[in-house]
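Right, one structure below, let's go through it.
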Amino acid sequence: MFCSLPHNSWLSRERTSVGSLRFSQCRRPLVEKGALPSGRSTIVPVCVRSTWQNQRGGRARTKMNVYLLAFLFTCFLTRPMTALASDSLDFLWPGSRILAVGDLHGDIGNTMLLLYGAGVVDEDGNWIGGDSLLIQTGDVVDRGPDGKRIYDYLSTLSAQAKERGGKIVQLLGNHDVMNVCGDFRYAHPAETMEFGGAAGRRQQFMDDGHYGKMLRSFPASIKVNGVIFAHAGIPSEFAAVGLGKLTQQLHEELADDCKLHNVRFYNEAMGLRTGDLFVAGSHGPLWTRVFSMGQMTKICEELEKALGILESEKMVIGHTVQESGNIEFYCDGRLILIDTGISRYVANSPRMLEIQNGAFFEWRLEISEQVSEGEPSVRGTKRPLNIPALKEPDSTATRTDGSAAGHEDKSDGSCRGDEL
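With the first letter of the sequence shown counted as 1, position 357 gets the number 380 in the numbering used here; the numbers rise by one all the way through.
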């Protein structure tokens, strides 16, 4: 899809500010001070390099850990949480295509341009995806300045999609939960101002705050047409709980302004073994690296175990930026990693997964500044991924109408990514 944006369109106006950073400007390897695994590099935007180094420095990290421990038991209101209906977490989608987009990290420009390039929205940002299902796998907020705007935009777009036969599902990521629980370590100053300053930001993510209510309704993971979608992946010990119980327990951890979350976070930080399953913890489906870092043999063994429990064909996850800037897949195409670093404040590599008629494709966004009359142009290109197609869905499974060139499989190597 190749389009020259009308001068007065929303995307053209947004691109005026986006265009100040060319596509290649924020792509530079950074391996300093032991920030990354030995011998590995990542793509980090030049514009946030000093912030990155400060966040990852030992002194800053130690100081922040003190602040976190001081914050742990600041809990106030009480509100019971209701689990999502199981059929809303495991369903068949009969629409034309399923799209999955990874971590957006505060970049409304690249978010909308990617959706536009893939034919999901028009030049004014309105839904034209028809009966498509769009899944966002978490981490809307932090790093960039536009997290609030993206939450608001996706909320509006979701209503439009529903009216036109489509659907948007948003999952919780670790950065979304960090904000819900008052951890703003990675917040962009401009984003905090959008929320009304530090105090306003905290209030809006509390139980009775607008964004606190919104995010506490998002699931931890879903299963669509036999494919599991989650932010960081579902390890086998969590898979055994079941999708419905997993989301219910996550909501319980985030209730009462994160009271239970903070208790379990403290226990985990102190190395206390309580036997409690901590969904929002470092080994859970929002934080785990078990599917993105380590020896491939062990990754695939754990994947097979989890998929067997969940009775699923494949797992699609974000959370760990792929060094190639592309969607990657492993374990004979049963594990698909879609965090390509979409945001200009991460890697500026907009990519999106599409599943159509059981086949897998990658949408990529290319932006040109040199077009007639000085207008920016957006090219959305689609290429097939060498992933085995999905099997025909079981006709007895739950159905919903929306309301209730490929990369090589790298199974012979190791899978690592940047810790974002």
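Glycine is no exception: its CB is placed at the ideal position from the N, C-alpha and C atoms.
For residue i, count neighbouring Cβ atoms within 10 angstroms of its own Cβ and tell me buried if that reaches 16, exposed if not.
i    : result
D280 : buried
Q193 : buried
K321 : exposed
A213 : exposed
S391 : exposed
R166 : buried
G294 : exposed
So residue i packs on residue j, CB below 8 Å; how close in whole Å?
i    : j    : result
A253 : I361 : Actually they do not touch by this definition, with Cβ atoms about 11 Å apart.
H198 : D162 : 5 Å
L156 : I131 : Going by Cβ atoms, the distance from L156 to I131 rounds to 22 Å, so no, they are not a contact pair.
G189 : D154 : 6 Å
L309 : L112 : In fact, because the Cβ distance is near 16 Å, the residues do not count as touching under 8 Å.
G364 : G142 : That pair is no contact at about 22 Å.
Helix, strand or coil: which one does DSSP assign to residue i?
i    : result
S335 : coil
S391 : strand
V369 : coil
Q345 : coil
K328 : helix
I131 : helix
D279 : helix
E351 : strand
D199 : helix
E385 : strand
K414 : coil
L137 : helix
F207 : coil
G219 : coil
Would a C-beta distance cut-off of 8 Å place residue i and residue j closer than the cut-off?
i    : j    : result
V401 : L388 : yes
R357 : L333 : no
V164 : G129 : yes
T215 : R208 : no
V286 : L238 : no
S372 : G348 : yes
S335 : I410 : no
G219 : W386 : no
S181 : I191 : yes
E291 : L283 : no
F384 : K405 : yes
F352 : L408 : yes
H211 : P258 : no
W116 : V247 : yes
G152 : M135 : no
Is there at least one non-hydrogen atom of the ligand NAP closer than 7 Å to the beta-carbon of residue i?
i    : result
G298 : Of ligands this structure carries none, so the ligand NAP is not represented either.
### Query
Looking at C-beta atoms only, is the number of pairs between the segment 375-391 and the segment 121-137 that lie closer than 8 Å three or more?
yes
### Task
Take every Cβ of the segment 337-352, pair it with every Cβ of the segment 299-316, and state whether three or more of those distances are shorter than 8 Å.
yes
### Message
With three or more C-beta pairs closer than 8 Å as the rule, is the segment 241-250 touching the segment 266-285?
### Response
yes
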